[in-house]
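Counting the sequence shown from 1 gives a position; this note's numbering is that position plus 228. Okay, structure first, notes after.
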Amino acid sequence: AARRDIYRLVVQPGQPHESQPHRPGTVEHLLLCQGRALAGPIGSAVELSAGDFISYPADVPHLFAAREPDTSAMLIIETI
229 AARRDIYRLV VQPGQPHESQ PHRPGTVEHL LLCQGRALAG PIGSAVELSA
279 GDFISYPADV PHLFAAREPD TSAMLIIETI
């Protein structure tokens with residue numbers, strides 16, 4: 229009964245995109261396709277390289293920051 233929204237991201241280095249918490253129980257799944265990025269909950273985000281996958285709670289403040297030009301990723305936001 230979960231809702232899943234799927235996004236293709238192509239992001240340039242610069243100011244990190246900080247997101248406010250989503251509904252309780254929301255989880256984001258991120259597959260980094262190209263480049264390098266910092267992603268996850270603020271305060272515990274991790275550095276990712278092409279081919280890395282991460283899932284993290286999105287019901288807390290979280291961020292995505294490209295570390296290389298044309299960083300691309302697939303993002304699934306899963307809301308219960």
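A virtual CB, placed ideally from N, CA and C, is assigned to each residue, including glycine.
Does the Cβ-Cβ distance between residue i and residue j come in under 8 angstroms?
i    : j    : result
Q248 : T299 : no
R295 : P252 : no
R236 : M302 : yes
In angstroms with no decimal places, state the Cα-to-Cα distance between residue i and residue j.
i    : j    : result
A278 : G271 : 22 angstroms
F281 : A265 : 11 angstroms
P289 : A229 : 24 angstroms
I305 : P244 : 18 angstroms
H257 : L291 : 13 angstroms
Using DSSP with H/G/I as helix, E/B as strand and the rest coil, what is residue i?
i    : result
H257 : strand
Q262 : strand
On the premise that residue j lies in contact with residue i, defined as a C-beta separation below 8 angstroms, what is that separation, rounded to the nearest angstrom?
i    : j    : result
P269 : P285 : 6 angstroms
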